[in-house]
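A.B. asks:
Numbering (the numbering used here), first residue to last: 11 to 130.
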């Protein structure tokens, strides 16, 4: 696997991360700020897009910000399983930390945060 390519557009505050070139990428909206691009046929990540990157990467006095993966709820169970598998493995797992928020014993909400702020 090659190193990811990071491209930051300061004007729109958008970070594009490309893992590889692919014409067959499908966009999966993980939430309002994060888009995962995958090759569904080959079951692998192609890239990530972070909208309002400076907000996502901003630390708080308590540490990294976490964001719910609200987009997973609208996926079919098969696609959701496939996307979670991609999120939990390299190269995506080297950029995004996936965890769960459990507000009650019967509810688990998948959340994410950036592993580290990438120098742009």
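Even for Gly, the Cβ is constructed at its ideal location relative to N, Cα and C.
Note that the structure is a prediction, hence the values are computed from the model and not measured.
Residue 96 by DSSP, collapsed to three states: which one?
C.D. replies: In this structure, residue 96 counts as helix in the three-state DSSP scheme.
A.B. asks: Can you tell which of 106, 101, 124 and 109 has the C-alpha that lies nearest to the C-alpha of residue 12?
C.D. replies: It is 101.
A.B. asks: Is residue 56 buried or exposed, if buried means 16 or more other CB atoms sit within 10 Å of its CB?
C.D. replies: Under this definition residue 56 is a buried residue.
A.B. asks: Start and end of the beta strand (DSSP E) containing residue 114?
C.D. replies: Looking at the DSSP string, the run of the beta strand (DSSP E) that includes residue 114 is 106-114.
A.B. asks: Would residue 29 be called buried (16 or more neighbouring beta carbons within 10 Å of its own) or exposed?
C.D. replies: With 16 or more other Cβ atoms within 10 Å, it is buried.
A.B. asks: Could you give the distance in angstroms between the alpha-carbon of residue 91 and the alpha-carbon of residue 70?
C.D. replies: Distance between the alpha carbons of residue 91 and residue 70 is about 31 Å.
A.B. asks: Could you check how far apart the C-beta atoms of residue 59 and residue 79 are, in whole angstroms? I think they sit under 8 Å.
C.D. replies: Wrong, their Cβ atoms sit about 15 Å apart, outside the cutoff.
A.B. asks: State the beta-bridge partners of residue 28 as determined by DSSP.
C.D. replies: Beta-bridge pairing links residue 28 to 15 and 57.
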